[in-house]
Every structure is written in structure tokens, then in C-alpha cells.
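**Q** Under this note's numbering, the first residue of the sequence shown carries the number 3, and numbering increases by one thereafter. Backbone N, C-alpha and C define an ideal beta-carbon position, used for all residues, glycine too.
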Amino acid sequence: MTAPVPSSAVPARAPVEPSDAAVIVASRDDPERFSEIFDRYFVEIHRYVASRLGAASADDAAAETFLTAFTLRHKYDAGRPQARAWLYGIATNLVRRHRRTETRAYRTIGRATAETDHADRVAEMVSAQRMQPRLARVLAGLGAGDRDVLLLIAYGDLSYEEVAQILGIRTGTVGSRLNRARRTLRKALEGDVE
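1. Among residues of its own chain, excluding the 5 on either side of L89, which ones have a beta-carbon nearer than 7 Å to its beta-carbon?
2. Do you know offhand how far A57's Cα is from A64's?
3. Which residue comes first and which comes last in the alpha helix (DSSP H) that contains H76?
4. If I measure Cβ to Cβ from V51 and keep anything under 8 Å in the same chain, skipping five residues before and after, which residues do I get?
5. Using three-state DSSP, classify E19 as helix, strand or coil.
6. How is the alpha helix (DSSP H) around H48 delimited, first residue to last?
7. Quick one: what does DSSP say A87 is sitting in, helix, strand or coil?
8. Would you decide whether G81 is buried or exposed? Buried here means 16 or more other CB atoms lie within 10 Å of its CB.
9. Within this structure, are the beta carbons of R179 and G147 separated by less than 8 Å?
10. What is the rounded straight-line gap between the Cα of L74 and the Cα of S21?
11. Quick check: the Cα distance between G158 and V140, rounded to an integer number of angstroms?
12. Would you kindly work out how many angstroms separate the C-alpha atoms of K77 and V27, rounded to a whole number?
13. Near E196, which residues of its chain fall below 6 Å by C-beta distance, leaving aside the five closest residues on each side in sequence?
14. Here's the rule I'm using: 16 or more other beta-carbon atoms within 10 Å means buried, otherwise exposed. How should D1 be labelled?
15. Tell me which residues share the same chain as P83 and place their Cβ nearer than 7 Å to its Cβ, disregarding the 5 neighbours each side in the sequence.
16. Whose CA, out of T110, A85, R54, lies closest to the CA of R99?
17. Would you mind reading off the limits of the alpha helix (DSSP H) that contains E192?
18. Could you say which of S29, V176, E38, E34 lies nearest to E19 if we only look at CA atoms?
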């Protein structure tokens, strides 16, 4: 027979974090509550927009994403418990508005031939403004839809379903756009793999 466990020895349960939807709905009456959404997703959204637009534009684009989300919080569908796809959708729309800048940057990088040391090359491989010239040219040449799908999956680590929701397309379309983008990249970059 085991001795009864005193009630003070029972570990307290950690409070359950409210869903994104609950926080957003609450923020309609108490705007400061929206900071919880910011705290949950800012780093992830910042990383995504930095990968698309470069570090110089990332702070502004990420801040604009959350400002837009805050402004549109009254339209948020409370039936969607997670705001992640909604925020990525807003960020992607902002990236589209910056499309000319992004495409121009890819083309400029594609023409660049400056030598860099190994440490710089490793860092540059993950930066939209310092990608290897050939990769940048290929990305600039992709159609906007294919590029959006590829980069949302690569940088956002999103599922096909989430990407479909963000872009307002069918899941099958996500798959076909991703396959087309990968095929184009593979063909263009053949021989670059050591």
C-alpha cells in the first residue's frame, strides 16, 4: 500500500495558452492583447520576409505585417484557431507589393561577380540579397506564383494546405507550382552541385 500523496505535492498544471483566435477576438476590446500574437510570431514572420526581401527591408516589412494584422483583426475568422497562415498571407501580400524591388535585387545579384571569403559565402546562401548569382537569376525568372509557393515552403516551412490557404489556391496547385519551380531550379543549377 502506498502512502497518499499530499495535495501540496501534486504538481500544478501549467496554464493553457489561449488560442490565437481567442487572443485576436479579445484584442478587439483590449487592443494590448494583440501583443501576444506579435510575441508568438514576430521572429518567424521576420525571418520569412528577410528571406524574401533582405535584411534591410525585413524590419519594416515584418512591422507592417503586424500593423496590417492589427488593423484587420476585426475581420479575422475566429473559426481558425491559429493565426500563422493568416499572418503569412499578409506578409506574402506585402512581399508582392515589394515585388519589383525583390525581382530587381535578384537580377542585380545575378549580375554580381564579387569574390567573398568562405564565412561570407555561407551567410550569403541564406540571404535574399546575397544569394549565389545563378540561383538569384533563376528565382527572378520564376513566375510570381511559382516563386511564392517555393519560398513559402522553403522559408516558411509551411504545409501545402497552409500555402494554399495563404495564396487562395487549391492544394493540388501548390504541388504543381512547387514541382515546376523545383524542376526549373534543378535544371538551371545542374552542374553547380559538387
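**A** According to the data block:
1. If you number the sequence shown from 1, residue 89 lands on position 87. Y43, I47, T67, A71, listed in sequence order.
2. As a first step, residue 57 is located in the sequence shown; it is residue number 55 there, counting from the start. As a first step, residue 64 is located in the sequence shown; it is residue number 62 there, counting from the start. The C-alpha of A57 lies about 11 Å from the C-alpha of A64.
3. The residue you call residue 76 lines up with position 74 of the sequence shown. Run containing H76: none; DSSP gives neither H nor E here.
4. By one-based count along the sequence shown, residue 51 stands at place 49. Closer than 8 Å at the Cβ level, and outside the excluded window around V51, lie S59, A60, A63, A64, T67, A93, L96, V97.
5. As a first step, residue 19 must be located in the sequence shown, where it is residue number 17. It is coil, neither helix nor strand.
6. What you label residue 48 is simply residue 46 of the sequence shown in a count that begins at 1. Per DSSP, the continuous alpha helix (DSSP H) segment holding H48 begins and ends at 37-55.
7. Position 85 of the sequence shown, counted from the start, is the residue given in the question as residue 87. Here A87 sits in helix by DSSP.
8. Residue mapping note: residue 81 aligns to position 79 of the sequence shown, counting from 1. G81 comes out exposed.
9. Numbered from its first residue, the sequence shown carries residue 179 at position 177. Numbered from its first residue, the sequence shown carries residue 147 at position 145. Taking 8 Å as the Cβ cut-off, R179 and G147 qualify as a contacting pair.
10. Numbered from 1 along the sequence shown, position 72 holds the residue referred to as residue 74. Numbered from 1 along the sequence shown, position 19 holds the residue referred to as residue 21. Taking C-alpha positions only, L74 is separated from S21 by approximately 18 Å.
11. Within the sequence shown, numbered from 1, the residue matching residue 158 stands at position 156. Within the sequence shown, numbered from 1, the residue matching residue 140 stands at position 138. Whole-angstrom Cα-Cα distance: 20 Å.
12. Numbered from its first residue, the sequence shown carries residue 77 at position 75. Numbered from its first residue, the sequence shown carries residue 27 at position 25. In this structure, the CA atom of K77 is about 10 Å from the CA atom of V27.
13. In the sequence shown, counting from the first residue as 1, residue 196 sits at position 194. For E196, the predicted structure reports a pLDDT of 42, less than 50, and the residue's modelled location is therefore unreliable. A value from the coordinates is still provided. So no residue of the chain qualifies.
14. Outside the displayed span of the chain (3 to 196) sits residue 1, for which this structure offers no information.
15. Translated into the one-based positions of the sequence shown, residue 83 becomes position 81. Cβ-Cβ distances below 7 Å link P83 to S21, D22, A23 in the same chain, with the five nearest sequence neighbours on each side left out; the list follows chain order.
16. Against the sequence shown, residue 99 aligns to sequence position 97. With distances taken between Cα atoms, R99 lies closest to R54.
17. Counting from 1 along the sequence shown, the entry for residue 192 is found at position 190. Run containing E192: none; DSSP gives neither H nor E here.
18. Indexing the sequence shown from 1 puts residue 19 at position 17. Out of S29, V176, E38, E34, the CA that lies nearest to the CA of E19 is found in E38.
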